[in-house]
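Presented below is the structure to which this report refers.
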Amino acid sequence: MSGIIETAIVVYFFLMQATNAWLLVLSTIELSRARCRRWPELDSILLGQEHTPPISIIAPAYNEELSIVDSVRAFLHLEYPNFNVVVVNDGSKDQTMKRLRERFKLEPVKSVNRRELECKTIRNIYRSPLEPRLIVVDKENGGKADALNAGINVARTPLVCCVDADSLIDRRALLRMVEPFIYDPTQTVAVGGTIRLANGATVRDGCVTGVAVPKSWVARFQIIEYLRAFLFARLGLNRMGGNLIISGALGLFRRDIVVELGGYKRDTVGEDMELVVRMHRHMRDKRVPYRICYVPDPVCYTEAPEDMKVLGRQRHRWQRGLFDSLLRHRTMFMNPRYGVIGLIAFPMFVLFELLAPVLELFGYIYMLCAAIAGTVDPMTWGVFLVLAWLIGFLMSLQAMALDDLGFNSYRGVKTRAQLILAAALESWGYRQILLWHRLKGMVDFLRGGHVWGEMTRKGFATVQTPSVVPPQAPREPTPESAH
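Here the numbering used here is used: the first residue of the sequence shown is 17, the next is one more, and so on.
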């Protein structure tokens, strides 16, 4: 029996690493092709086009007083010819609403809203005389999904960009994200971008002007995780057409499709993934050609936890959201009807994401106990651990290399050395602690736990300047483009 267990552990390990290697090859190809397709002149064309699709940025905010002003200013600085910003204050208990009123001189407006999606009661809607593109919705607390639905109800544009209110978006992010809708307007239904850490970054006028490695080792480890997650996992899946996740921090959607689906589910903590999986399922069931893709160029900066306790709560919540999304749509698993999604992407998420906490932790504990009991040669156990670490370390280095190839975000010998050291140390304790929190998330989900969990923010390192956002007259979309 012990031999079977040990063989299963080794097979799972090599299967996981082989899958990662395969995704790495696909992501390298996809990144190279994305760079070849990048047409710099398109930015100028889009900025000058009167018929560029109008976009509403939907930003739900709950207790974001430390970063809300910087985030809104970043949204307003975006380079795009026709957009507005809809901030949804989801019953914040702190000074979020007060900061918005003071900074943007908000004034209440009368507005008739379409209640196409269910949401909690909207108390009031405000506009800023300083920046007419800014709309602030003040509503009763109902959770992030509820706030997103309220924002989509208020939006009048064919495309909605759902973001986190504590995030900062690169100025040309919308120009990058709208490209798939320009090239293929009938089939493209959703586009995701890249998420990076704002920890250690310098912010000026609501925009990230410099990226540095943060002092916190917890944040450094997350940089490596994010590079792997986006620059070879999602890029590789994108190459196959199998992306199951568009991060809630930055996603661009066709509004009519989201409304047709009934909006975000309010009874899950993984509303972003659940919507995308449901979108795949819906379009496949209707047998309608569609595209849900990931574009690496648009970047969204978000503040990551620097405390292991807070980070543990975040991963606990992510695991519950993952479990819920996969369970709701379990009929897609290994179902040929859903193509690459059902036969490849869904099983990969089940095996290497959902079950990883159980299988990996069991493997660590079993092999350690077997080595102590003498049923496994300690030398063999040690070689296995070193080999597992080495392969993971090399994968992280490859993700860093892809970042250098595509973005060159972290520059300088010292910066790269710090990240290499973080990649080398990540697997010795940090990964195992997060696996434990994810395992607890699975157990709590099975027990019926649906609590969101508190997140502690420090705010962005802001450099103040006397410049202000110049007022710009709003451009109302035509009736044809708004529906």
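C-beta atoms are modelled at their ideal positions from N, C-alpha and C, and glycine is treated no differently. Bear in mind that the values here come from a model prediction, so they are computed numbers and not experimental data.
Mind checking which residues open and close the alpha helix (DSSP H) that includes residue i?
i, result
"threonine 202", "First-last for threonine 202: undefined, no H or E at that position."
"glycine 408", "394-422"
"arginine 236", "233-244"
"tyrosine 426", "Taken as a continuous stretch (DSSP letters only), tyrosine 426 belongs to no alpha helix (DSSP H), as it is neither H nor E."
"arginine 149", "No alpha helix (DSSP H) holds arginine 149; DSSP gives it neither H nor E."
"leucine 253", "251-256"
"phenylalanine 461", "446-462"
Any idea what DSSP makes of residue i, helix, strand or coil?
i, result
"serine 18", "helix"
"glycine 208", "strand"
"threonine 35", "helix"
"tyrosine 219", "Per the sequence shown, the amino acid found at residue 219 is valine instead of tyrosine. Of the three classes helix, strand and coil, the one that applies to valine 219 here is strand, per DSSP."
"asparagine 157", "coil"
"leucine 164", "helix"
"threonine 225", "strand"
"leucine 277", "coil"
"leucine 291", "helix"
"leucine 213", "strand"
"threonine 391", "coil"
"serine 443", "coil"
"alanine 433", "helix"
"arginine 282", "coil"
"arginine 172", "coil"
"proline 230", "coil"
"valine 27", "helix"
"cysteine 52", "helix"
"glutamate 134", "coil"
"serine 43", "helix"
"leucine 384", "helix"
"leucine 247", "helix"
Grab the span of the beta strand (DSSP E) containing residue i for me, first residue to last.
i, result
"glycine 267", "266-270"
"leucine 175", "175-179"
"isoleucine 308", "307-318"
"aspartate 186", "Premise fails: aspartate 186 is in no beta strand (DSSP E) and is neither H nor E."
"tyrosine 142", "138-143"
In angstroms with no decimal places, state the Cα-to-Cα distance between residue i and residue j.
i, j, result
"threonine 391", "glycine 445", "25 Å"
"tyrosine 28", "glutamine 335", "20 Å"
"histidine 499", "proline 174", "With a pLDDT of 34 at histidine 499, under the threshold of 50, the modelled position of this residue cannot be trusted; read the value that follows with caution. The straight-line gap from Cα to Cα measures roughly 6 Å."
"arginine 427", "glycine 226", "10 Å"
"leucine 507", "glycine 209", "Residue numbering for the chain in the displayed model covers 17 to 499; residue 507 lies beyond these limits and cannot be assessed."
"aspartate 501", "valine 26", "No statement about residue 501 is possible, as the shown extent of the chain runs from 17 to 499 and does not include it."
"proline 363", "glycine 258", "11 Å"
"tyrosine 317", "arginine 236", "14 Å"
"cysteine 52", "aspartate 186", "21 Å"
"leucine 342", "leucine 146", "45 Å"
"histidine 332", "arginine 282", "18 Å"
"phenylalanine 423", "methionine 348", "35 Å"
"glycine 408", "arginine 131", "48 Å"
"serine 127", "alanine 171", "12 Å"
"arginine 353", "methionine 299", "11 Å"
"glutamate 118", "alanine 217", "26 Å"
"valine 315", "isoleucine 211", "6 Å"
"tyrosine 242", "asparagine 36", "15 Å"
"aspartate 313", "histidine 453", "31 Å"
"arginine 250", "isoleucine 381", "30 Å"
"aspartate 460", "leucine 266", "28 Å"
"leucine 421", "glutamine 414", "10 Å"
Pop quiz: residue i and residue j are said to be a contact at Cβ under 8 Å. What is the actual Cβ separation, rounded to whole angstroms?
i, j, result
"leucine 154", "asparagine 140", "Correcting the residue type first, residue 154 is aspartate in the shown sequence and not leucine. That pair is a contact at about 5 Å."
"valine 275", "leucine 133", "7 Å"
"proline 76", "glycine 167", "7 Å"
"methionine 289", "leucine 327", "About 19 Å separates the two Cβ atoms, so there is no contact after all."
"leucine 455", "proline 373", "4 Å"
"phenylalanine 248", "leucine 40", "5 Å"
"asparagine 215", "glutamate 319", "6 Å"
"leucine 191", "valine 152", "No, leucine 191 and valine 152 are not in contact; Cβ-Cβ is about 25 Å, not under 8 Å."
"isoleucine 71", "cysteine 177", "5 Å"
Considering only heavy atoms of the ligand GDP, does any lie closer than 7 Å to the CB of residue i?
i, result
"phenylalanine 362", "Among the components of this structure there are no ligands whatsoever, and the ligand GDP is therefore not found."
Task: Ranges of the beta strand (DSSP E) found wholly within the region 63-129, counting only runs of at least 3 - done: Qualifying beta strand (DSSP E) stretches, in chain order: 71-77, 99-106, 123-125.
Task: Any alpha helix (DSSP H) of 4 or more consecutive residues that is wholly inside the region 298-378 - done: Segments of the alpha helix (DSSP H) lying fully in the region 298-378: 324-344, 362-365.
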